[in-house]
Structures are given as structure tokens and as C-alpha cells.
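**Q** First, the structure itself, so that you have it in front of you.
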Amino acid sequence: MRRAGPEILCGLVSVTVFLLFWEAASTPGAWQLTEVIPPPSTVLRRWSELLWSPDYWRSWTVTTSRVLVGFAIAVVLGVALGLLMAVNRTLYGIAFPTFEVLRPIPPLAWVPASIIFWPTQELSITFVIFLGAFTTMVINVLGGARAIDLRYFQAARSMGSGAWDIFRRITFPGTVPSILVGAEVGMGITWAIVVAGEMIAGGGASLSGTAGGLGYFIWTSYVGSSFPDIIVGMFSIGIGGFLSSAALRAIGKLATPYLRQR
Amino acid sequence: MTAQEELRTSRWALVRYRFALWLRSPRPYLMLIGFALFLLLWHLAVEVWRLPRFKDMPGLTTVVSAWLSRNPTFDVSIFTPDYYKHIWISTERVLKAFALSSLLGIPLGLMLGWWVHAKRFLFPLFELFRPIPPLSWVPLSIVLFTDPEAPIIFLTAIAPFFATTLNAMLGVESIDRNYIRAASCLGANQWQIFAHVILPGALPYVFTGLEISMGLSWFSLVAGEMLSGNYGLGYLIIFSFMNIAYPNIVIGMVTLGLIGYVSSALVRMTGNQLMQWRVRALALA
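Which chain is which? The protein sequence lines are R and L, in order.
Going by the numbering used here, the first residue of the first sequence is number 1, and it counts up by one from there.
Going by the numbering used here, the first residue of the second sequence is number 1001, and it counts up by one from there.
Encoded structure:
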């Protein structure tokens, strides 16, 4: 094993150099390149102010709960449909081509249709988030089930296993790693979608009068041209996405101890 | 018959044989049942039973008749030049963004994978920006560029750039170090190692990255066009929504799906053409 020391040091150096460059390029003076982007010092000062503002934290909870609800439904339904299609050939033959035809439609193209269909904006944003993670889950679960060595099934069948035993002992445990990968990718997609969904659909703030999530926070900051807030919002969403992916990775490691030796 | 012609005939015969085999399996019929079920349910739920939430949605016959009409109510059908203008502008934007992200991402990724110092210094910065969703760049990109086209292309290029770079880097790292050692033992210089070991070795990952990138370009393009722009399929969808021209929403969605599918298939086919050795290895396995 190599030591991690120099890696961290190099990382710190490059991030510091980048921040210095950004500071110089955005403060008035000989080095100034842009007048619209605020320097990092201004962004940090604004961020420390926002940390005490309840509205900022409400944006966090609104977005996080949307992401978690849409994601949870997508995982449950996606794993169920993926496993059903992996087990039943007829269902796979009927449902998979239709699924493949609908899949290339970008999730955000569903936003208007979803607003028409669902009675509240909350539901329509959640639905679009769900869609993005759902397709990823189904594809990953199916791919995982397909990748299981055929000889396991043959061995189990020749020793007299029934369909349920094969599912419980081979198909399901064999698919767990790809379920986890799908969940991680899907989590990234949900964070990407929630921002745009909140920007396009207005975040529900106009209706309910409460804070409308981090995407909406960015959008209102843009409309009110408070640029430090935009950057705070961008990094906040980045942190949210990063933390949730890291949490999923940790859960995945706990759930599949048998993969650790590799 | 030359060897080239022989190869072509045998390939064509293989395609025909596979197609005949496919027709004899239950798959094409199940597929048709699936499509028919989906379309029937859509038609019944919206236009026949008029279920509570479904009845506001555009129905199957409304959409199809609007799409194929010579004189459409909402000005968009296969006979109107506007429809093709939307398609062409979206395609052009995606192609520009895809080219931009590939031209920047592939060299950067190869460099990060090949040169340890580059990775040490640049990768932390890369990882700092990667978790920021591409679409949260919308306001900044609108403010940064004065040209009206540039923000949409910039926005569309962000997500593919990260995917392409990361995959190219992983591609270089996936190469067995012994190949590189063997090449240097046999007297290859750095450039020869790069051209004959690194580049072909990373190619499968690079093309996986490019295929993902193509999908991501369409994904971000739609959002970019919905928020700023005055042409393109994303704009068509949001504009039709605001003007209650609901059939056009579905026309826009289906068109996006079709073009998205074709563009991903084209990237995959180019990859297979360039990596014949890999196609054969996979066919034997």
C-alpha cells in the first residue's frame, strides 16, 4: 500500500491554487477577468451568513425529502420490475421492448406532462425524480441477473431446487451488487434532476408559500441577481449529492461483506 | 470473388440467418404484444374510459392525427418546416456539445490516467466540481456568455465532459501494466507506447464513456432549452405546455426519444467498427 500523504498534499495545493486564481480573476484589479462571478471570499462570507438562515435550511430539507421519496419509490419498483423481468421470460419479452422505447426520452422532457397529470407540483417533481432513478435501477438489476454464471442455475436445478429456492439463493444474492451500483448511479441522477425540476416547475413555492428547494433557491437568486447565492446553492447541491452517494456506498459495503476480499 | 467481397457476403448471410432465427423465436411477437398493450392502455385510459387524471392528457389518436396532419391545429406535424427546424437545431447543439466535450475530455482523461503527477494535481479539482449537477450551472452560464447559443451548448457539454474524462482515465488504468513493460523492453519509445498500447487499450472504456455522454447530452439539452432558448425540441415541449398545445408535448417527447436512441446506436456502431478485435473476442466468449 502506498501512503496517502503526498496525494492529499497535491490535492490541497491544486485546490488552493485554483481558489487563489478564482479570487484574483474576480476581484477588481489588474488580474480581473469576470465581473459577474463573485470571488470565493465573498461566496464564503455569504455562505456563513446563510448558515444561520432558516430559509436556507428549509430549502435543504425540501430538496432532500423530494430526492429521498422519489429515490425510495424508484428503488422498490425498479428492483421489483427488474427481478420480475429477470425471472419471467414472457414478461421480459412483453415489457422490455416497450421499456427500451420509452427509456431514451430524457426524464426532464416528462416535466410538462407530469405537471398536467399530477394534481400537485410536489407530486409532479417527485414523479420526474422517480423516473430518472427507476430506469437506471431496472437496467442495472436486469444486467446483474443476466451476468450470473449459468452453471449456478444448472447446478441448482440438477440438485432439485425449485423456482423459489433458485430465486432466493442465486438470482437475488447475485443481483445485489448491481442493485447497489444502480442505486449509486440513480442517486446521482436524482440530484441532477431535482435541480432542473425545481427550476422548471417553480419548486412549488408559488403555490404553498414555503421555501421551494435548493434548485429553486438557485433560480430565485438568479432572478434577484444575487450571484454569491447561486454559487452557494450550486456547492450545496454538490455536497448533498456527494454525501448521499457516499452514504449509499457505505451501506453497500456493509450489505455485501462477501465482496470485500476482491 | 476477392476476400473482401467474400467477407461482405458472409456478413450479410449472417445477418439474414440471425433475422430468420429471431422471427422463429417468440420474441418479435411478444414485443408486438407489449407495444399493442401499451398503446391500447394509453388510448383506453385517456380517450375511452376518460379516467380522472388521464383525461387531461393528450390521447393516442389526438397525438397521431396531429403528428400526421397536413394542416395541424398547433402548427407542428411531419409536414411543417418548423418541426424539422426544432429537430435540426437540437441535433446541431448536441453535436457541438458532444464534439466539444469529447475533444477536451478524451485527451484530459488519457493524460490523467497515464501521467501520475497530472492525476495528483488535477483530479482533486475535477472531483470538486463533478458532484455539482450540470443543470445548476444554468444561471451562471446564462450570465457568463453574451451569445444566446453558447449557454445551451456549454450546459449540454458539462455532464458529457465529466463522463468522457472519467471513462478515458479508467480505460488507461485498466490496461495491464505488463503490456507497457513489455513494449518498453522491446525498445518502444513513449510515443509508440501511447499509440500502440495506451490508446487501443483505453478504447473500450472511451467508447463506453462516449455512449453514456451521448445520452447525457440529450438529458441536459432538454433542460437547457426549456429554461432558455427559442428553438429546439425542449423548447417545443415547454412552449406547447404553456400554450396548452398538449399533443405537441408528446410529439416532442417521442421525437427526442427516437433521435436519442439513433445517436447512441451510431456511437456504439462506430465503436464496434474501430474495435473489431474486441467484437470478435466477445463473440467467442
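Using N, Cα and C, we set each Cβ at its ideal position, and we do this for glycine too.
Since the model is a prediction, treat every value here as computed from it, not as a measurement.
1. With DSSP collapsed to three states, give me the class of R:ARG89.
2. Below 8 Å CB to CB, which residues in the same chain sit around R:PHE153 once its five sequence neighbours on both sides are set aside?
3. Closest to L:LEU1128 by CA distance: which of R:GLY11, R:ALA250 and R:LEU259 is it?
4. Which residues, in chain order, does the stretch 75–98 of chain R contribute to contact with chain L at a C-beta distance below 7 Å?
5. Does DSSP put R:PRO39 in a helix, a strand or coil?
6. Whole alpha helix (DSSP H) runs in the stretch 19–78 of chain R with 4 or more residues, listed along the chain?
7. Going by DSSP, what residue range makes up the alpha helix (DSSP H) through L:MET1275?
8. Do L:LEU1236 and L:VAL1076 have their C-beta atoms within less than 8 Å of each other?
9. Answer yes or no: does any C-beta atom of chain L fall closer than 8 Å to that of R:PRO39?
10. Between the stretch 159–191 of chain R and chain L, which residues of the former have a C-beta closer than 7 Å to a C-beta of the latter?
11. For the alpha helix (DSSP H) containing R:PRO119, list its first residue and its last residue.
12. To the nearest whole angstrom, what separates the beta carbons of R:ILE237 and L:SER1136, a pair I think is in contact under 8 Å?
13. Looking at the secondary structure, which residues open and close the alpha helix (DSSP H) in which L:ASN1178 lies?
14. Taking L:PRO1134 as the reference, which of L:PRO1148, L:ALA1163, L:PHE1123 and L:ALA1118 has the closest Cα?
15. What separation, rounded to the nearest whole angstrom, lies between the Cα atoms of R:PRO228 and R:ALA183?
16. What residues from the stretch 1132–1154 of chain L come within 8 Å of chain R, judged by C-beta to C-beta, listed N to C?
17. Quick one: any contact between the stretch 1048–1058 of chain L and the stretch 115–132 of chain R, if contact means 3 or more CB pairs under 8 Å?
18. Determine, for R:PHE127, whether the minimum Cβ-Cβ distance to residues of chain L falls below 8 Å.
19. Check for me: the alpha helix (DSSP H) holding L:LYS1085 runs from which residue to which?
20. Quick check on R:ALA247: does DSSP put it in helix, strand or coil?
21. Between L:GLY1271 and chain R, is any beta-carbon pair separated by less than 8 Å?
22. Report the residue from R:ALA113, R:GLY241 and R:TRP60 whose alpha carbon sits nearest the alpha carbon of R:PHE217.
23. If contacts are defined as beta-carbon pairs under 8 Å, then L:TYR1222 and R:ALA109 qualify, I think. What distance do you get, rounded to the angstrom?
24. Quick check: the stretch 1205–1225 of chain L against the stretch 1152–1170 of chain L, are there 3 or more CB pairs under 8 Å?
25. For R:GLU7, would you say it is in contact with chain L, using Cβ-to-Cβ distances shorter than 8 Å as the test?
26. Smallest Cα separation from L:VAL1172: which of L:ALA1157, L:VAL1197, L:PRO1148 and L:THR1156?
27. Shorter than 8 Å from the beta carbon of R:LEU108 to some beta carbon of chain L?
28. Do R:VAL194 and R:ILE129 have their CB atoms nearer than 8 Å?
29. Output the distance between the C-alpha atoms of L:LEU1290 and L:LEU1144, rounded to the nearest integer angstrom.
30. Should R:TYR258 be flagged as near chain L, meaning a C-beta pair shorter than 8 Å?
**A** In short:
1. As a position in the first sequence, residue 89 of chain R is number 89, starting the count at 1. Correct three-state label for R:ARG89: helix.
2. For the purposes of this step, residue 153 of chain R is taken as the residue at position 153 of the first sequence. Same-chain partners within the cutoff: ILE166 and ILE170.
3. Taking the second sequence and counting its residues from 1, one reaches residue 1128 of chain L at position 128. Nearest of R:GLY11, R:ALA250 and R:LEU259 to L:LEU1128, Cα basis: R:GLY11.
4. THR90, GLY93, ILE94, ALA95, PRO97 and THR98
5. For this step, residue 39 of chain R is matched to residue 39 along the first sequence. Coil, per DSSP.
6. 40–50
7. The residue given as residue 1275 of chain L occupies position 275 in the second sequence. Element bounds for L:MET1275: n/a, residue is neither H nor E.
8. The residue given as residue 1236 of chain L occupies position 236 in the second sequence. The residue given as residue 1076 of chain L occupies position 76 in the second sequence. Cβ atoms of L:LEU1236 and L:VAL1076: closer than 8 Å.
9. Position 39 of the first sequence, counted from the start, is the residue given in the question as residue 39 of chain R. R:PRO39 does not count as touching chain L.
10. TRP191
11. Locating residue 119 of chain R in the first sequence gives position 119, counting from the first residue. Counting along the chain, R:PRO119 falls outside any alpha helix (DSSP H), and DSSP gives it neither H nor E.
12. By one-based count along the first sequence, residue 237 of chain R stands at place 237. By one-based count along the second sequence, residue 1136 of chain L stands at place 136. That pair is a contact at about 5 Å.
13. If you number the second sequence from 1, residue 1178 of chain L lands on position 178. Taken as a continuous stretch (DSSP letters only), the alpha helix (DSSP H) holding L:ASN1178 covers 1177–1185.
14. If you number the second sequence from 1, residue 1134 of chain L lands on position 134. Here the closest residue by C-alpha is L:ALA1163.
15. The sequence position of residue 228 of chain R within the first sequence is 228, counting from 1. The sequence position of residue 183 of chain R within the first sequence is 183, counting from 1. If you take the alpha carbons of R:PRO228 and R:ALA183, they lie about 32 Å apart.
16. ILE1132, PRO1133, PRO1134, LEU1135, SER1136, TRP1137, VAL1138, PRO1139, LEU1140, ILE1142, VAL1143 and LEU1144
17. yes
18. Taking the first sequence and counting its residues from 1, one reaches residue 127 of chain R at position 127. For R:PHE127, the answer is no, since every Cβ of chain L falls outside 8 Å of its Cβ.
19. Numbered from its first residue, the second sequence carries residue 1085 of chain L at position 85. Its alpha helix (DSSP H) spans residues 1081–1114.
20. Residue numbering aside, residue 247 of chain R sits at position 247 when the first sequence is read from its first letter. R:ALA247: helix per DSSP, three-state reduction.
21. Numbered from 1 along the second sequence, position 271 holds the residue referred to as residue 1271 of chain L. No, L:GLY1271 lies away from the interface with chain R (no Cβ there is under 8 Å from its Cβ).
22. In the first sequence, residue 217 of chain R corresponds to position 217, counting from 1. Nearest of R:ALA113, R:GLY241 and R:TRP60 to R:PHE217, Cα basis: R:TRP60.
23. Start at 1 with the first residue of the second sequence, and residue 1222 of chain L comes out as number 222. Start at 1 with the first residue of the first sequence, and residue 109 of chain R comes out as number 109. Rather than Tyr, the amino acid found at residue 1222 of chain L in this sequence is Val. Confirmed, Cβ separation roughly 5 Å.
24. yes
25. If you number the first sequence from 1, residue 7 of chain R lands on position 7. Judged by the 8 Å Cβ criterion, R:GLU7 is in contact with chain L.
26. In the second sequence, residue 1172 of chain L corresponds to position 172, counting from 1. Nearest option by C-alpha distance: L:VAL1197.
27. Translated into the one-based positions of the first sequence, residue 108 of chain R becomes position 108. Yes, because at least one Cβ of chain L sits closer than 8 Å to the Cβ of R:LEU108.
28. If you number the first sequence from 1, residue 194 of chain R lands on position 194. If you number the first sequence from 1, residue 129 of chain R lands on position 129. Cβ distance < 8 Å, so R:VAL194 and R:ILE129 count as in contact.
29. The shown model of chain L, from 1001 to 1285, leaves out residue 1290 of chain L, and the question about it has no answer.
30. Along the first sequence, one-based indexing puts residue 258 of chain R at 258. Not one chain L Cβ lies under 8 Å of R:TYR258.
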